[in-house]
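Protein chains in written order, with the UniProt record's numbering: chain A, 1 to 222; chain B, 1 to 222. Every residue, glycine too, gets a C-beta built ideally from N, C-alpha and C.
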DNA sequence: TTAGACAGAATAATCGATTTTTTAATCCAC
DNA sequence: GTGGATTAAAAAATCGATTATTCTGTCTAA
């Protein structure tokens, strides 16, 4: 693995859970890799108990595999799983978007515009793209936020993290991102127009395009 | 809370995680209750570390709320959440059932018949209904098992556990269960006939009836 | 009388050390 | 040599004790 160190934390206030989650989603651990607890302890400068509790939470969340008495392992990646995640994302986020368009109020509209704008303005080269990633996640979360289902939002978040394990393989490529960025703004427009059908269709296409990026990354990841 | 003790474990081999999960789903802790870790330690006869790791996993799974530096709490119940869970169950399990009917093979058909039969034969008075609950969970899991999506199955399982926190409030009432039991067999029939549309409609109705039971329990739970 | 500060008790979180289990290497019998 | 048991090393899991935090009741000052 390439060392994450404690440096990967921007905010000193972040918990070990958040740091590990970010590093797992960001691909700083190899898929299938076995985590050496004592090494992690040193790299993240934390005690054993908080570390183990974080690892347990991440395993329950699906970002780690816990093996009987043999520690924690980063889940393998597979074409089948990527397809599964993309398909479910399409269905769940489509569902959530329709509901959000039905229930979202004026505050939501404002939040959406703000989130899209900040995403557009984000400096993609900054901090290895972490800042862009943060804003991107926030945009998608804002989009479906007023769907009215806590559990649906929870599942969508989880799928996003899993999807990003594929999408964020390898180096950053700002080329394709251009097209995806435009879709973000179109999504906002359709949401403001309350055109649920068109918005959902665009969302389907958006996820599909992201899927193609993720698939390409996965296939050349050796 | 009414003491769960270690007695609530049938199999001595069960992990503290499984025991706690069962007791949380089975309603042996009051909703909103704060868990006293030292008490749990004695009641379940486990050490602090394994206990805390189990609690952390359960919090990530959604059966507990973890509050900053103030320990763990059993999530509150609400009408809104019950509605949310029931609605999502309808959508996700319907989706999974359609896919299972499309992909399930002969082994699945046999498993289904077996699971339905065992459920019917189960002695509902035995072990406070725990055995029936186990078989009931297994039947529903079997029904959707070949849907082809690991993540969908995971979410459905999670929603089942959450739903059961409502359905299993208060004492057991075998009266309404009769009707639900019949639907299990009808579901098997439609699955074997590969009638996805009818099966899905019946599943919708089945979840709706269960929802009415759960709602009634919730409303009289004071 | 009451709001706020303080002290003591209770509880949660963390640490360092120990125990258990797994993994790897070595040895011996065949 | 090869396969299987034995043992040494490594790692994971757990334990007991310590530290930090929150909670609760009391006291004081306005």
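For the alpha helix (DSSP H) assignment, the uninterrupted runs of no fewer than 4 residues enclosed by the UniProt domain "HTH gntR-type" (10 to 77) of chain A are, from N- to C-terminal side, 16 to 25, 37 to 43 and 48 to 61.
Residues of the same chain with a CB within less than 6 angstroms of the CB of residue 138 of chain B, apart from the 5 flanking positions on each side, are 115 in chain order.
For the stretch 156 to 184 of chain A, the beta-carbon criterion of a distance under 7 angstroms to any beta-carbon of chain B is satisfied by 159. Annotation: residue 82 of chain A to residue 125 of chain B spans about 45 angstroms, alpha carbon to alpha carbon. Sixteen is the threshold: since fewer than 16 other Cβ atoms of the shown chains lie within 10 Å of the Cβ of residue 47 of chain A, the residue is exposed. With a threshold of 8 angstroms between beta carbons, residue 152 of chain B makes contact with chain A. Chain-order list of chain A residues neighbouring residue 218 of chain B: empty, with the shortest C-beta distance near 17 angstroms, by a criterion of under 7 angstroms. In the DSSP assignment, residue 124 of chain A falls outside any alpha helix (DSSP H), carrying neither H nor E.
Contact of residue 84 of chain A with chain B by beta-carbon distance below 7 angstroms involves 149, 150 and 151. Membership of residue 172 of chain A in any alpha helix (DSSP H) is not indicated, and neither H nor E is assigned to it by DSSP. The Cβ atoms of residue 203 of chain A and residue 32 of chain A do not sit closer than 8 angstroms to each other. In terms of Cβ geometry, residue 211 of chain A and residue 96 of chain A do not form a close pair [threshold 8 angstroms].
Annotated three-state conformation of residue 164 of chain A is helix, per DSSP.
Look at residue 57 of chain B: its C-beta is under 8 angstroms from a C-beta on chain A.
In the three-state scheme derived from DSSP, where H, G and I count as helix and E and B as strand, residue 149 of chain B is classed as coil. Burial check for residue 182 of chain A: the Cβ neighbour count within 10 Å stays below 16, so the residue is exposed. By the neighbour-count criterion, in which 16 or more other beta carbons inside 10 Å mark a residue as buried, residue 67 of chain B falls on the exposed side.
For residue 44 of chain B, the nearest beta carbon of chain A is not closer than 8 angstroms to its own beta carbon. Listed by position along chain B, the residues whose Cβ is nearer than 8 angstroms to that of residue 52 of chain A are 49 and 53. Collapsing the DSSP output to three states places residue 221 of chain B in coil.
Below 8 angstroms, enough C-beta pairs join the stretch 95 to 109 of chain A and the stretch 131 to 148 of chain A to call them touching: three or more. Residue 111 of chain B is positioned such that its CB atom lies closer than 8 angstroms to that of residue 142 of chain B. Only 88, 91 and 95 from the stretch 88 to 103 of chain A bring a Cβ to less than 8 angstroms from some Cβ of chain B. Here residue 54 of chain A is actually not in contact with residue 61 of chain B; their C-beta atoms are around 15 angstroms apart, not less than 8 angstroms. In this structure, DSSP gives residue 141 of chain A a helical state, which the three-state scheme calls helix.
Here residue 177 of chain A is not near residue 25 of chain A, since their CB atoms are 8 angstroms or more apart. Within a 10 Å sphere around the beta-carbon of residue 191 of chain A sit 16 or more other beta-carbons, which makes this residue buried. If you ignore the 5 residues before and after residue 184 of chain A, its C-beta comes within less than 7 angstroms of the C-beta of 116, 119 and 139, all in its own chain and listed in chain order. Counting the other CB atoms within 10 Å of its CB gives residue 23 of chain A a total of 16 or more, which places it among the buried residues. Per the coordinates, the alpha-carbon of residue 179 of chain A lies some 47 angstroms from the alpha-carbon of residue 188 of chain B. Taking the Cα positions, residue 123 of chain B is about 10 angstroms away from residue 130 of chain B. The alpha carbon of residue 193 of chain B has as its nearest neighbour, out of B:113, B:221, B:154 and B:56, the alpha carbon of B:113. At a cut-off of 8 angstroms between beta-carbon atoms, residue 109 of chain B makes no contact with chain A.
The contact set of residue 60 of chain B on chain A, defined by CB atoms closer than 7 angstroms, consists of 57, 60 and 61 in chain order.
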